[in-house]
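Peer 1: Before we start, here is the structure in question, set down as structure tokens.
Numbering (this note's numbering), first residue to last: 1 to 413.
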């Protein structure tokens, strides 16, 4: 800037004197502060403030920085790895469930690599970045899939890693090969997308995948498919669940969730399943969702037939009610809330009888005792004196139930 125009509104242009001065005495460029020379605590605090994208870009600056980031191991909530011949996508989710995507696209902009040993090799591949997406256009063969994965995974630590396969784009033999390697390492969830998966390959998958994993099959499944492990995984979700039978549902034990996006069940089937759940001595599931067919008519009386229920008034759903297990001593989750949505999705959520649900459990227990007394009173062998005594006890239970029903739940006497 020319000092003759300092303090005036006139646009400033360098004069001859200023040009000569800048040539003789060129301004000193400030050297960038080397981040790696920060003290360990300060560097750790800087890394904690970075999002997963910034960490990936930082690791591409220098191999020394990459080694530092590996030692810090930034914690993220979950990782999802998409695997297809057309590209390699890594989804990173932070504590706020924000999704960050690192996409290794294949547009043949750069020469293929001979080997992959460090993130700095991808610095020339960095082309585009959006708020939550980082695109690295770098082709590499499928055989290097795990080498590239391990480079990125070494920067983060996550309690959940999900691997996603696109079956329509991959050879079955390739899936078999990579599945064996995946199962030998970190894997909490497996997802398979496709138009249709054969019975033979589904059987192979369910024989091979350990039951402590979660699986998603987002593809059509033949109606004649059967496998004893289908609903025994820690979590299972099927886009097509029309091959699942009522006996399959009854076989569920100690799983986290079961989600079926289409089924052949009706209200009578759900009633039978609820009867089985109330009498079962083992924990079956924590969450279950069954999408009923559009042709199914929701009949609340059929759903609650011969069940002791406590109905919640909620106009946003078709119906919502609670029921309890009969033998709660061996069960961790003793309450079940069934909600039938307007979309005809049946949602089962089991709960403990904690402080929040203690009132519901207590009322259901009183209703159960009252029903047992009523059945006892119908016995022809009971004397008239005992009948009068039982009737008095029933009236006492009725008064106690009404007194405890502060939230105005609906139930039948």
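All residues carry an ideal CB built from backbone N, CA and C; glycine is no exception. Keep in mind that this is a model prediction, so the values were computed, not measured.
Taking C-beta to C-beta, are residue 234 and residue 202 nearer than 8 Å?
Peer 2: No, they are not a contact pair.
Peer 1: Can you tell which of 275, 317, 320, 191 has the C-alpha that lies nearest to the C-alpha of residue 305?
Peer 2: If we check each option's Cα against that of residue 305, 275 comes out closest.
Peer 1: Hey, out of 166, 199, 174, 173, whose CA is closest to residue 190's CA?
Peer 2: Residue 166 is the option with its Cα nearest to residue 190.
Peer 1: Taking the beta strand (DSSP E) that residue 348 falls in, what are its first and last residues?
Peer 2: 345-351 is the extent of the beta strand (DSSP E) around residue 348.
Peer 1: Cutting at 7 Å between CB atoms, please list the residues of its own chain near residue 268, excluding the five before and the five after it.
Peer 2: 302, listed in sequence order.
Peer 1: Excluding sequence positions up to five away, which residues of its chain have a Cβ less than 7 Å from the Cβ of residue 387?
Peer 2: Within the same chain, residue 387 has close Cβ partners 377.
Peer 1: Classify residue 431: buried if its beta carbon has 16 or more other beta carbons within 10 angstroms, exposed otherwise.
Peer 2: Only positions 1 to 413 of the chain appear in this structure, which leaves residue 431 out of reach.
Peer 1: For residue 208, count neighbouring Cβ atoms within 10 angstroms of its own Cβ and tell me buried if that reaches 16, exposed if not.
Peer 2: Its Cβ having fewer than 16 others within 10 Å, residue 208 is exposed.
Peer 1: On the DSSP bridge list, what partners appear for residue 227?
Peer 2: The partner list for residue 227 (beta bridge, DSSP) is empty, contrary to what the question assumes.
Peer 1: Check whether the Cβ atoms of residue 177 and residue 84 sit closer than 8 Å, and answer yes or no.
Peer 2: Not a contact, by the Cβ cut-off of 8 Å.
Peer 1: May I ask which residues mark the beginning and end of the alpha helix (DSSP H) holding residue 399?
Peer 2: Its alpha helix (DSSP H) spans residues 384-404.
Peer 1: Where does residue 129 land, buried or exposed, given buried means 16+ other C-beta within 10 angstroms?
Peer 2: Flag for residue 129 reads exposed.
Peer 1: DSSP three-state label for residue 148, please.
Peer 2: The answer is helix: DSSP assigns residue 148 an H, G or I state.
Peer 1: Just how far apart, CA to CA, sit residue 405 and residue 333?
Peer 2: Their backbone Cα atoms lie some 22 Å apart in a straight line.
Peer 1: For the beta strand (DSSP E) containing residue 336, list its first residue and its last residue.
Peer 2: Here the beta strand (DSSP E) through residue 336 covers 335-340.
Peer 1: Taking only the alpha-carbon atoms, compute the straight-line gap between residue 260 and residue 236 and give it to the nearest angstrom.
Peer 2: Going by the C-alpha atoms only, they are around 8 Å apart.
Peer 1: At which residue ranges does the stretch 18-97 contain complete alpha helix (DSSP H) runs of 4 or more residues, listed in the order of the chain?
Peer 2: Counting only runs of 4 or more, we get 40-48, 52-59, 63-72.
Peer 1: Just how far apart, CA to CA, sit residue 247 and residue 344?
Peer 2: So the two alpha carbons sit approximately 21 Å from each other.
Peer 1: List the whole-angstrom C-beta distance separating residue 147 from residue 116, where the pair is believed to meet the contact cut-off of C-beta under 8 Å.
Peer 2: Correct: roughly 5 Å between the Cβ atoms.
Peer 1: So what's residue 203 in DSSP terms, helix, strand or just coil?
Peer 2: The answer is helix: DSSP assigns residue 203 an H, G or I state.
Peer 1: Determine the direct distance from the alpha carbon of residue 265 to that of residue 292, and round the result to whole angstroms.
Peer 2: Cα-Cα distance, rounded: 6 Å.
Peer 1: Which residue from 220, 144, 75 puts its Cα closest to that of residue 158?
Peer 2: Residue 75 is the option with its Cα nearest to residue 158.
Peer 1: Counting C-beta neighbours from all protein chains within 10 Å, is the total for residue 402 16 or more, i.e. buried, or is it exposed?
Peer 2: The residue is exposed, with fewer than 16 neighbouring Cβ atoms inside 10 Å.
Peer 1: Under the rule that 16 or more other beta-carbon atoms within 10 Å means buried, what is residue 370, buried or exposed?
Peer 2: Burial call: buried.
Peer 1: From the DSSP output, in three-state form, read off residue 130 for me.
Peer 2: Of the three classes helix, strand and coil, the one that applies to residue 130 here is coil, per DSSP.
Peer 1: Would you mind sorting residue 408 into buried or exposed? The rule is 16 or more other CB atoms within 10 Å of its CB.
Peer 2: Under this definition residue 408 is an exposed residue.
Peer 1: Going along the chain, which residues of its own chain have a beta-carbon closer than 6 Å to the beta-carbon of residue 410, five neighbours each way excluded?
Peer 2: These residues qualify, in order along the chain: 311.
Peer 1: Leaving out five residues before and five after residue 330 in sequence, what residues of the same chain have Cβ atoms less than 8 Å from its Cβ?
Peer 2: Excluding sequence neighbours, residue 330 sits near 281, 282.
Peer 1: Is residue 243 helix, strand or coil when you go by DSSP?
Peer 2: Here residue 243 sits in coil by DSSP.
Peer 1: Please list, in chain order, all residues of the same chain as residue 103 whose beta carbon is under 6 Å from its beta carbon, the five residues on each side excluded.
Peer 2: Correct list, in chain order: 89, 135.
Peer 1: Does the Cβ-Cβ distance between residue 94 and residue 45 come in under 8 Å?
Peer 2: Going by C-beta atoms, residue 94 is not nearer than 8 Å to residue 45.
Peer 1: Within 10 Å of its beta-carbon, does residue 206 have 16 or more other beta-carbons around it, so buried, or fewer, so exposed?
Peer 2: Buried.
Peer 1: Please report how far the alpha carbon of residue 324 lies from the alpha carbon of residue 381, in whole angstroms.
Peer 2: If you take the alpha carbons of residue 324 and residue 381, they lie about 30 Å apart.
Peer 1: Residue range of the alpha helix (DSSP H) that residue 164 falls in?
Peer 2: Residue 164 -> not in any alpha helix (DSSP H); beta strand (DSSP E) instead, spanning 161-166.
Peer 1: Taking residue 91 as the reference, give the member of 161, 336, 199 with the closest Cα.
Peer 2: Selected option, being the one with the closest Cα: 161.
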